[in-house]
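**Q** This is the structure I have questions about; it appears just below.
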Amino acid sequence: MSTPDPSETDVHEVISAVRMCSKTRKDKQNTVLDPYFGAARWFPLYLDPFTPLIMVFHANNDDSDSTLGSDKGLDKETRKYHLELFDNFMSLVPGFLDLIISLQDHTDALQSFISQLSAAAGEARSEDTNSIKTNTPLYLLVDPQQDVLQPPIPKDCKDSRGFNHAVTAQMLCPMRLIKKFDRDPQLFMERVKDGQIKIRALDYASWMYDTDMYDPEEIDRGLLRGYFLLRVYRHIFTGPATATSLKHPGSKKSKGIIHHLAYPTPRTIAYAAIQARLALSAAPKWGIVDSDFNLETLFFTIVDLFEDDPKDEWAVSMLEWWRIQVPRLSENAKRTVDEMTEHEYNESDVNVLREQRAARRQCLLEEGTPPQDGQTSESDTGFNNPPTNSREPTPSSSDPPYG
Numbered sequence: 002m003s004t005p006d007p008s009e010t011d012v013h014e015v016i017s018a019v020r021m022c023s024k025t026r027k028d029k030q031n032t033v034l035d036p037y038f039g040a041a042r043w044f045p046l047y048l049d050p051f052t053p054l055i056m057v058f059h060a061n062n063d064d065s066d067s068t069l070g071s072d073k074g075l076d077k078e079t080r081k082y083h084l085e086l087f088d089n090f091m092s093l094v095p096g097f098l099d100l101i102i103s104l105q106d107h108t109d110a111l112q113s114f115i116s117q118l119s120a121a122a123g124e125a126r127s128e129d130t131n132s133i134k135t136n137t138p139l140y141l142l143v144d145p146q147q148d149v150l151q152p153p154i155p156k157d158c159k160d161s162r163g164f165n166h167a168v169t170a171q172m173l174c175p176m177r178l179i180k181k182f183d184r185d186p187q188l189f190m191e192r193v194k195d196g197q198i199k200i201r202a203l204d205y206a207s208w209m210y211d212t213d214m215y216d217p218e219e220i221d222r223g224l225l226r227g228y229f230l231l232r233v234y235r236h237i238f239t240g241p242a243t244a245t246s247l248k249h250p251g252s253k254k255s256k257g258i259i260h261h262l263a264y265p266t267p268r269t270i271a272y273a274a275i276q277a278r279l280a281l282s283a284a285p286k287w288g289i290v291d292s293d294f295n296l297e298t299l300f301f302t303i304v305d306l307f308e309d310d311p312k313d314e315w316a317v318s319m320l321e322w323w324r325i326q327v328p329r330l331s332e333n334a335k336r337t338v339d340e341m342t343e344h345e346y347n348e349s350d351v352n353v354l355r356e357q358r359a360a361r362r363q364c365l366l367e368e369g370t371p372p373q374d375g376q377t378s379e380s381d382t383g384f385n386n387p388p389t390n391s392r393e394p395t396p397s398s399s400d401p402p403y404g
């Protein structure tokens with residue numbers, strides 16, 4: 002059964018489908034709502050995993066007496082950010098905004114529709130969390146073919162992760178404290194657990210780095226190049242089969258392919274980062290706060306690295322590095338629409354040139370020279386700075402040093 006063009010969907014069809022889904026969310030026969038549920042599931046991965054969709058809809062509602070509510074009680078900066086989220090969310094499906102406007106006269110149906118969209122977004126995020134949790138023991142191995150975790154880490158239990166296991170503890174240790182950790186891992190782990198050492202989102206952990214590149218005088222060298230982070234990103238956006246090897250594209254379309262993601266963006270990288278951090282921790286389930294660590298702060302800290310100054314040399318070269326490391330996305334974006342076999346495509350001049358240019362860019366990156374071709378200067382989602390009230394305050398110089 003084909004999915005109808007959302008822009009031509011009749012509002013009464015949607016109302017009928019919403020009422021049906023209110024009775025059974027698992028109804029797979031009704032495809033009228035599929036594009037909207039798909040957009041809702043993409044929302045936390047592509048835009049923001051923390052802002053509830055209900056708040057996004059409130060941002061577009063000026064009637065404080067409406068049964069849908071409004072966000073007029075929020076500060077101006079946060080409301081502006083919610084409006085940006087709303088605009089970006091509406092752009093994911095043709096005719097989405099027109100549908101929402103049409104549903105304003107059907108309050109009960111609109112409320113139910115928004116609730117169902119919110120549930121879909123939460124489900125997508127939770128599915129990623131659970132799937133990555135199961136694969137974390139494999140992704141921790143530098144060489145999955147040779148290495149073995151000692152002691153083993155169970156796939157479905159979080160109790161032996163975090164600062165209860167030397168491998169995950171080393172990953173979670175701030176990079177600037179890694180020498181202290183390596184001198185006595187057990188003592189460091191005990192000091193974290195008893196609160197003597199604080200682990201916060203404002204400190205870059207070793208899992209975020211290519212640790213061989215780390216330089217305390219230039220702490221952005223190697224940042225966001227960690228192998229575990231890269232594997233988690235591939236797991237989410239190009240499929241688990243590609244996480245540790247690019248030789249296996251997987252048996253079904255990945256999320257990145259389905260949603261036409263042509264290359265990694267600051268927010269998709271940040272989303273992978275919070276899922277990576279959660280997988281490494283001992284936290285039993287999704288939660289924003291884990292002791293002194295705030296996942297939402299981590300998300301916006303990473304986003305800010307790119308969106309504060311999109312033309313910054315580091316930001317531009319880092320996005321280019323990610324494009325090279327996740328080639329499945331660029332292959333999808335550049336693949337011709339005619340019926341070429343994989344072999345024909347690999348042998349084509351277009352693909353050969355793509356590989357040659359990627360190799361040249363990689364050489365430039367390794368030499369420390371930012372690439373000049375194919376650069377992007379702005380975030381794909383076009384956001385202004387996100388609201389500051391979701392971030393941790395910067396510690397003052399009088400705060401005691403960690404540890």
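The sequence shown maps to residues 2 to 404 in our numbering.
Idealized CB from N, CA, C, for every residue including glycine.
Since the structure is predicted, the reported quantities are computational estimates derived from the model, not experimental observations.
Using a Cβ-Cβ cut-off of 6 Å (strictly less than) and excluding sequence neighbours within five positions of K134, which residues of its own chain qualify?
**A** Looking up residue 134 in the sequence shown gives position 133. Here the set comprises A280.
**Q** Considering only the alpha carbon of each residue, which of L231, I258, Y264 lies closest to R324?
**A** In the sequence shown, counting from the first residue as 1, residue 324 sits at position 323. R324 has its Cα closest to that of Y264, out of L231, I258, Y264.
**Q** Assuming the contact rule is C-beta atoms closer than 8 Å, L262 and E321 should be a hit. Round their C-beta distance to whole Å, please.
**A** Position 261 of the sequence shown holds residue 262. Position 320 of the sequence shown holds residue 321. No, L262 and E321 are not in contact; Cβ-Cβ is about 16 Å, not under 8 Å.
**Q** Is the distance from the Cβ of T302 to the Cβ of L173 below 9 Å?
**A** In the sequence shown, the residue the question calls residue 302 occupies position 301. In the sequence shown, the residue the question calls residue 173 occupies position 172. Going by C-beta atoms, T302 is not nearer than 9 Å to L173.
**Q** Taking 8 Å as the cut-off, is the C-beta of E314 nearer than that to any heavy atom in the ligand ATP?
**A** The ligand ATP is not among the ligands present in this structure, which contains no ligands whatsoever.
**Q** Check each candidate in D310, R278, E308, D305 and name the one with the smallest Cα separation from N295.
**A** Walking along the sequence shown from the start, residue 295 turns up at place 294. That would be R278, whose Cα lies nearest to the Cα of N295.
**Q** May I ask which residues mark the beginning and end of the alpha helix (DSSP H) holding Q276?
**A** Here the question's residue 276 lines up with position 275 in the sequence shown. Residues 267-281.
**Q** Exposed or buried, E191, counting other C-beta atoms within 10 Å across all chains shown (16 or more means buried)?
**A** For the purposes of this step, residue 191 is taken as residue 190 along the sequence shown, with counting starting at 1. It counts as exposed.
**Q** Considering only the beta carbon of each residue, do R201 and A125 sit closer than 9 Å?
**A** Position 200 of the sequence shown, counting from 1, holds the residue named residue 201. Position 124 of the sequence shown, counting from 1, holds the residue named residue 125. For R201 and A125, no; Cβs fall outside 9 Å.
**Q** Assign D11 to one of three DSSP states: helix, strand, or coil.
**A** In the sequence shown, the residue the question calls residue 11 occupies position 10. Three-state DSSP puts D11 in coil, outside helix and strand.
**Q** Kindly indicate which residue of P95, A60, V94, F90 has the alpha-carbon position closest to the one of E78.
**A** Within the sequence shown, numbered from 1, the residue matching residue 78 stands at position 77. Comparing Cα-Cα distances from E78 to each of P95, A60, V94, F90, the minimum goes to A60.
**Q** Could you work out which residue in A122, F58, F51, E85 is closest to P36 when comparing CA atoms only?
**A** Counting from 1 along the sequence shown, the entry for residue 36 is found at position 35. For P36, the nearest C-alpha among the options comes from A122.
**Q** If we ignore side chains and look at the alpha-carbon of each, how far apart do E340 and I16 end up?
**A** The residue you call residue 340 lines up with position 339 of the sequence shown. The residue you call residue 16 lines up with position 15 of the sequence shown. With a pLDDT of 39 at E340, under the threshold of 50, the modelled position of this residue cannot be trusted; read the value that follows with caution. Spanning the two alpha carbons is a distance of roughly 39 Å.
**Q** So, for F44: in the same chain, excluding its five sequence neighbours on each side, which residues have a beta-carbon less than 7 Å away from its beta-carbon?
**A** Position 43 of the sequence shown, counting from 1, holds the residue named residue 44. Correct list, in chain order: L54, F90, A122.
**Q** Would you call the CB atoms of R329 and G227 closer than 9 Å?
**A** Taking the sequence shown and counting its residues from 1, one reaches residue 329 at position 328. Taking the sequence shown and counting its residues from 1, one reaches residue 227 at position 226. No, these two residues do not count as a Cβ contact at 9 Å.
**Q** Is N131 helix, strand or coil by DSSP?
**A** Here the question's residue 131 lines up with position 130 in the sequence shown. Looking at N131 - three-state DSSP - the assignment turns out to be helix.
**Q** For K180, which option in K159, V149, S207, A18 has the closest C-alpha, if you only look at C-alpha atoms?
**A** The residue labelled residue 180 in the question sits at position 179 within the sequence shown. Cα-wise, what sits closest to K180 is S207.
**Q** Near L46, which residues of its chain fall below 6 Å by C-beta distance, leaving aside the five closest residues on each side in sequence?
**A** Here residue 46 refers to the residue found at position 45 when the sequence shown is read from its first residue. Closer than 6 Å at the Cβ level, and outside the excluded window around L46, lie Y272.
**Q** Can you give the beta carbon distance from F51 to I289, rounded, assuming they're within the 8 Å contact cut?
**A** As a working mapping, residue 51 is identified with position 50 in the sequence shown. As a working mapping, residue 289 is identified with position 288 in the sequence shown. Sure, about 7 Å apart at Cβ, within 8 Å.
**Q** Taking the continuous alpha helix (DSSP H) assigned at K312, which residues delimit it?
**A** Residue mapping note: residue 312 aligns to position 311 of the sequence shown, counting from 1. Unbroken run through K312: none, as it is neither H nor E.
**Q** How should V304 be labelled, buried or exposed, when 16 other C-beta atoms within 10 angstroms of its C-beta is the threshold for buried?
**A** Your numbering for residue 304 matches position 303 in the sequence shown. With 16 or more other Cβ atoms within 10 Å, it is buried.
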